[in-house]
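My numbering runs 481 ahead of the 1-based position in the sequence shown.
Even glycine gets a Cβ: it sits at the ideal position worked out from N, Cα and C.
Note that this is a predicted model, so its numbers are computed, not measured.
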Amino acid sequence: VVNYAPFTLLPSAVPQALFEQAYAVQQDFNLLVDAISQNKEFLEQTLASTIKVDDFTARLFRIYMQVLEEGLAQTVFLGINRSDYMFDCGLDGTAALKQIEINTIAASFGGLTSRTADVHRLVLKVLGKTKEASQLLPNNPAKGLALGIAKAWELYGSQSAVVMFLVEEIQRNIFDQRCVENELWNKNIRVIRRRFRDVFEQGSLDGSRRLYIDNQEVAVVYYREGYVPQTYDQQNWEARLLLERSRAVKCPDIATQLAGTKKVQQELSRPGTLEKLLPGRPEAVARLRATFAGLYSLDEGEEGDKIAATAIADPERFVLKPQREGGGNNLYGEELREVLQKIKDSPERTSYILMDKIKPQPALNYLLRAHSPLQVSECISELGIFGVYVRQGQEMVLNKAAGHLLRTKAIQHADGGVAAGVAVLDTPYLV
Ligand code: ADP
Ligand code: MG
482 VVNYAPFTLL PSAVPQALFE QAYAVQQDFN LLVDAISQNK EFLEQTLAST
532 IKVDDFTARL FRIYMQVLEE GLAQTVFLGI NRSDYMFDCG LDGTAALKQI
582 EINTIAASFG GLTSRTADVH RLVLKVLGKT KEASQLLPNN PAKGLALGIA
632 KAWELYGSQS AVVMFLVEEI QRNIFDQRCV ENELWNKNIR VIRRRFRDVF
682 EQGSLDGSRR LYIDNQEVAV VYYREGYVPQ TYDQQNWEAR LLLERSRAVK
732 CPDIATQLAG TKKVQQELSR PGTLEKLLPG RPEAVARLRA TFAGLYSLDE
782 GEEGDKIAAT AIADPERFVL KPQREGGGNN LYGEELREVL QKIKDSPERT
832 SYILMDKIKP QPALNYLLRA HSPLQVSECI SELGIFGVYV RQGQEMVLNK
882 AAGHLLRTKA IQHADGGVAA GVAVLDTPYL V
């Protein structure tokens with residue numbers, strides 16, 4: 482079944498200063514994620530409590546350690562991430578840019594959203610708003626992401642090697658991926674699409690750990706899958722290990738995937754942590770910290786006891802987050818209270834973090850979704866900035882913001898993105 486991607490009828494107002502702030506901090510986030518991915522001690526310490534209780538993170542972590550022990554064959558590193566924000570409305574009515582999370586694996590909608598501004602430009606013209614239509618910014622993350630993949634492919638240094646998109650068993654968002662794929666074909670880079678299952682059945686490494694699938698050498702593995710536990714049976718875990726051990730450029734490598742966990746995000750907000758990870762870069766640290774909302778550890782001990790009690794008393798102030806991606810996993814309000822009440826004295830508590838709830842100012846819009854009735858809704862928006870970087874050995878050869886994504890949802894949904902069927906694609910109208 483082919484459906485159109487859901488979108489808002491009208492672009493949504495976004496404060497220009499906050500939009501620019503989000504772009505201005507993206508290179509810092511790229512550097513930060515890359516620094517974490519190279520810092521074994523930090524990852525080990527930060528995830529120590531989590532991996533005791535969260536099997537999925539533990540499994541990823543085991544592969545990470547195994548690959549480090551063997552020694553990395555990979556020398557070129559490619560990061561594609563998306564840092565997501567909401568505009569938190571203060572008591573005095575001013576809005577502040579607050580990060581929701583950073584996605585370091587399979588950050589999607591860069592392809593489809595490269596077309597969204599055209600849609601909204603047309604709608605505004607139909608409405609007779611020609612001047613407003615001309616003010617919508619161009620936006621092409623598909624091109625930016627492909628540029629990063631192409632650079633990594635080039636540095637890998639084998640003309641005949643391919644880029645492999647690692648895709649889902651059941652492909653729900655193929656057209657988003659095709660937009661990036663087409664940009665690569667335009668650069669005469671071959672792209673193949675394979676599932677973990679295919680890697681298990683057809684994948685192999687040669688003596689210098691070059692990766693081959695169906696006798697084709699793979700230069701870059703671009704994961705659009707692999708971030709939820711349900712993906713992995715024993716064979717798929719073996720396939721993941723094979724990929725990670727290989728010389729191919731993984732986007733992301735397993736260390737970078739771990740750098741994107743909610744637990745890492747929470748530890749970053751501790752005083753002094755950013756300074757340690759980015760020594761000698763006080764301006765970058767200040768820009769990063771300005772986007773952080775309140776984040777709290779639920780590790781065993783006094784600090785965790787105290788914040789758990791506060792959240793049970795006032796659940797509307799917080800979001801309770803497990804180490805999961807893809808939307809629909811967080812807990813809010815009464816449900817947050819119930820779950821926290823139940824686990825507050827058990828080690829299970831440490832598989833979650835707490836975060837201050839961001840409260841944006843709602844605005845009216847129409848959400849257009851296939852087979853759904855059209856009605857005006859009170860909506861809030863989430864801005865994502867795509868980041869791309871390539872590192873060869875210790876040298877950063879590319880570090881860019883590659884475009885943006887605006888997603889909008891009705892306020893009755895606390896959680897969930899576009900793939901979860903809650904949010905729709907939007908275009909920022911800067912005010
Ligand atoms: P996931 O990895 O599942 O995407 P997120 O942290 O992005 O997890 O949360 C999913 C959604 O929940 C977000 O897109 C946002 O709509 C909502 N959300 C998450 N954190 C907050 C928060 N602190 N305040 C308000 N809404 C939030
Ligand atoms: Mg998210």
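Endpoints, beta strand (DSSP E) assigned at N472:
The chain is shown from 482 up to 912; residue 472 falls before or after that span and cannot be answered.
Checking the sheet assignment: what are the DSSP bridge partners for N846?
Numbered from its first residue, the sequence shown carries residue 846 at position 365. Beta-bridge pairing links N846 to S858.
Spell out the partners DSSP gives F799 in its beta bridges.
To locate residue 799, count along the sequence shown from 1; it is residue 318. Looking at the DSSP assignment, F799 forms a beta bridge with D837.
Buried versus exposed, by CB contacts within 10 Å (16 or more), Q913:
No answer is possible for residue 913: it lies beyond the span of the chain, which begins at 482 and ends at 912.
Please report how far the alpha carbon of A767 lies from the alpha carbon of N584, in whole angstroms.
Within the sequence shown, residue 767 is the residue found at index 286, counting from 1. Within the sequence shown, residue 584 is the residue found at index 103, counting from 1. The straight-line gap from Cα to Cα measures roughly 21 Å.
Is it buried or exposed, T611, if we count other Cβ atoms within 10 angstroms and call 16 or more buried?
Translated into the one-based positions of the sequence shown, residue 611 becomes position 130. Counting other Cβ atoms within 10 Å of its Cβ, T611 stays below 16 and is therefore classed as exposed.
Shorter than 8 Å from the beta carbon of E815 to some beta carbon of chain C?
Absent here is chain C; the protein component of the structure consists of one chain.
Would you mind working out which of S493, T908, L626, H852 sits nearest G868, comparing C-alpha positions?
Here residue 868 is taken as the residue at index 387 of the sequence shown, counted from 1. Restricting attention to S493, T908, L626, H852, the CA atom closest to the CA of G868 is found in L626.
Three or more C-beta pairs under 8 Å: does that hold for the stretch 635–644 against the stretch 574–583?
no
Three-state class that DSSP yields for T489 in the structure shown
Residue mapping note: residue 489 aligns to position 8 of the sequence shown, counting from 1. The DSSP-derived three-state label of T489 is strand.
Using a Cβ-Cβ cut-off of 7 Å (strictly less than) and excluding sequence neighbours within five positions of K840, which residues of its own chain qualify?
The residue you call residue 840 lines up with position 359 of the sequence shown. Closer than 7 Å at the Cβ level, and outside the excluded window around K840, lie D569, C570.
Give a single yes or no on whether I581 has its beta carbon closer than 7 Å to a heavy atom of the ligand MG.
Sequence index remark: in the sequence shown, residue 581 carries index 100 (1-based). In this structure, I581 has its CB closer than 7 Å to one or more heavy atoms of the ligand MG.
Is V709 helix, strand or coil when you go by DSSP?
If you number the sequence shown from 1, residue 709 lands on position 228. Reduced to three states, the DSSP call for V709 is coil.
Check whether the Cβ of P898 lies closer than 7 Å to any heavy atom of the ligand MG, and answer yes or no.
Here residue 898 corresponds to residue number 417 of the sequence shown, with the count starting at 1. Contrary to the premise, residue 898 reads as Gly rather than Pro in this sequence. Answer for G898: yes, Cβ within range of the ligand MG.
Examine the ligand MG and report whether any of its heavy atoms sits within less than 7 Å of the Cβ of G809.
In the sequence shown, counting from the first residue as 1, residue 809 sits at position 328. Outside the cutoff, so no.
One question on the structure: do V912 and R726 come within less than 8 Å of each other, judged by their Cβ atoms?
As a first step, residue 912 must be located in the sequence shown, where it is residue number 431. As a first step, residue 726 must be located in the sequence shown, where it is residue number 245. Not a contact, by the Cβ cut-off of 8 Å.
Validate contact between the stretch 890–899 and the stretch 796–810 using beta carbons, cut 8 Å, 3 pairs
Contact between the stretch 890–899 and the stretch 796–810 is present: three or more C-beta pairs spanning the two stretches fall below 8 Å.
Count the other CB atoms within 10 Å of the CB of L918; is the residue buried (16 or more) or exposed (fewer)?
Because the chain is modelled from 482 through 912, residue 918 falls outside the range shown and cannot be assessed.
Does the distance from the C-beta atom of E544 to that of V745 stay below 8 Å?
Along the sequence shown, one-based indexing puts residue 544 at 63. Along the sequence shown, one-based indexing puts residue 745 at 264. Just to set this straight, residue 544 is Ile in the shown sequence, not Glu. A distance of 8 Å or more separates the beta carbons of I544 and V745.
Using a Cβ-based criterion (distance less than 7 Å to any ligand heavy atom), does N584 qualify as near the ligand MG?
Looking up residue 584 in the sequence shown gives position 103. Yes, the beta carbon of N584 sits closer than 7 Å to at least one heavy atom of the ligand MG.
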